[in-house]
Amino acid sequence: MNIFRISADLLHLASFFILIFKMKATKSCKGISFKTQLMYTLVFTCRYLDLFHVLGMMITFNFAHITGLTLYNTFMKILFLAASYYIVYLMRTELKSTSDDARDTFVLWHILAPCAVLALIFNAQFTILEILWTFSIYLEAVAVMPQLMLLIETGEADSLSSHYMFAVGGYRALYLVNWVYRYATEPYYSNWIAWIAGFVQTALFGDFFYYYFVKIMSGDAALKLPT
Amino acid sequence: AATEAGHDEL
Numbered sequence: 040m041n042i043f044r045i046s047a048d049l050l051h052l053a054s055f056f057i058l059i060f061k062m063k064a065t066k067s068c069k070g071i072s073f074k075t076q077l078m079y080t081l082v083f084t085c086r087y088l089d090l091f092h093v094l095g096m097m098i099t100f101n102f103a104h105i106t107g108l109t110l111y112n113t114f115m116k117i118l119f120l121a122a123s124y125y126i127v128y129l130m131r132t133e134l135k136s137t138s139d140d141a142r143d144t145f146v147l148w149h150i151l152a153p154c155a156v157l158a159l160i161f162n163a164q165f166t167i168l169e170i171l172w173t174f175s176i177y178l179e180a181v182a183v184m185p186q187l188m189l190l191i192e193t194g195e196a197d198s199l200s201s202h203y204m205f206a207v208g209g210y211r212a213l214y215l216v217n218w219v220y221r222y223a224t225e226p227y228y229s230n231w232i233a234w235i236a237g238f239v240q241t242a243l244f245g246d247f248f249y250y251y252f253v254k255i256m257s258g259d260a261a262l263k264l265p266t
Numbered sequence: 173a174a175t176e177a178g179h180d181e182l
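Chains as they are written, first to last, in our numbering: chain A, 40 to 266; chain B, 173 to 182.
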């Protein structure tokens, strides 16, 4: 565990809290893409199936392979799953009337199908768990596309929404640094699938980061895109 | 193992 990895995870965690706080404080999920949030629930569900493995080890009192890192990962995975499901739940129940569904027009099959095909072709091992893990990595990389499309459609984002997007985009950028660090310091550490997907994921936020920093520098509350 | 790389991350 290095400083980049822990910062990335905490930033990721912060993104959930910012979004939930925004939705609770303003009683609105305006400007937030339900489709992107739904994709994140799918991403975490497919990626964290190994939680059952950890659970299995715990209920059989097989603690030999449970390390501090396992406990940390397990704790965070449960938090990420709970937070993302809670967000989707809020957007479909009490905040449904404020949801930007009419402008959230991205066709999810356009990312789901290619990610599924890529996961079946490019994976480290042809097993169900490994393919689902790989699918989740590919899907996470592009899951922000409905949100970016909604942002372009709307032309601006309120302060909390833009902080949320900065946190969720920034976390993967920090993972890139973490991977470079691990590659340099750990023997045999290599994971091309995650690296390429992580790079694509960060690159998709490129324009957003630019406008976010323009907003921060100018002291504006709302992020505005050029018309 | 190949499958373990990256699986210790979130």
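Glycine residues also receive a C-beta, built at the ideal position from the N, C-alpha and C atoms. Here the structure is a predicted model, which means the values were calculated and not measured.
C-alpha gap between residue i and residue j, whole angstroms
{"i": "A141 (chain A)", "j": "I71 (chain A)", "result": "12 Å"}
{"i": "C154 (chain A)", "j": "V82 (chain A)", "result": "11 Å"}
{"i": "T144 (chain A)", "j": "P185 (chain A)", "result": "7 Å"}
{"i": "V219 (chain A)", "j": "Y228 (chain A)", "result": "10 Å"}
{"i": "L77 (chain A)", "j": "Y128 (chain A)", "result": "10 Å"}
{"i": "K135 (chain A)", "j": "Y125 (chain A)", "result": "13 Å"}
{"i": "H92 (chain A)", "j": "Y250 (chain A)", "result": "42 Å"}
{"i": "K74 (chain A)", "j": "L147 (chain A)", "result": "7 Å"}
{"i": "I57 (chain A)", "j": "S257 (chain A)", "result": "22 Å"}
{"i": "E179 (chain A)", "j": "Y79 (chain A)", "result": "7 Å"}
{"i": "F119 (chain A)", "j": "S138 (chain A)", "result": "22 Å"}
Minimum Cβ-Cβ distance from residue i to chain B less than 9 Å
{"i": "Y79 (chain A)", "result": "no"}
{"i": "K135 (chain A)", "result": "no"}
{"i": "Y214 (chain A)", "result": "yes"}
{"i": "M97 (chain A)", "result": "no"}
{"i": "H202 (chain A)", "result": "no"}
{"i": "K116 (chain A)", "result": "yes"}
{"i": "A233 (chain A)", "result": "yes"}
{"i": "W172 (chain A)", "result": "yes"}
{"i": "L108 (chain A)", "result": "yes"}
{"i": "H51 (chain A)", "result": "yes"}
{"i": "W148 (chain A)", "result": "no"}
DSSP state of residue i mapped onto helix, strand, coil
{"i": "L182 (chain B)", "result": "coil"}
{"i": "A195 (chain A)", "result": "The question names Ala, but residue 195 (chain A) in the sequence shown is Glu. Reduced to three states, the DSSP call for E195 (chain A) is strand."}
{"i": "K69 (chain A)", "result": "coil"}
{"i": "L264 (chain A)", "result": "coil"}
{"i": "P226 (chain A)", "result": "coil"}
Chain A contact for residue i (CB, 9 Å cutoff)
{"i": "T175 (chain B)", "result": "Interpretation of T175 (chain B) is limited by its pLDDT of 42, a score under 50 that renders its predicted location unreliable; the figure taken from the coordinates is listed afterwards. Yes, because at least one Cβ of chain A sits closer than 9 Å to the Cβ of T175 (chain B)."}
Any alpha helix (DSSP H) of 4 or more consecutive residues that is wholly inside the region 107 to 179 of chain A: 107 to 131 and 148 to 160
Given 8 Å, three or more beta-carbon pairs between the region 153 to 172 of chain A and the region 194 to 204 of chain A: no
Sufficient close CB pairs (3 or more, under 8 Å) joining the region 40 to 55 of chain A to the region 96 to 105 of chain A: no
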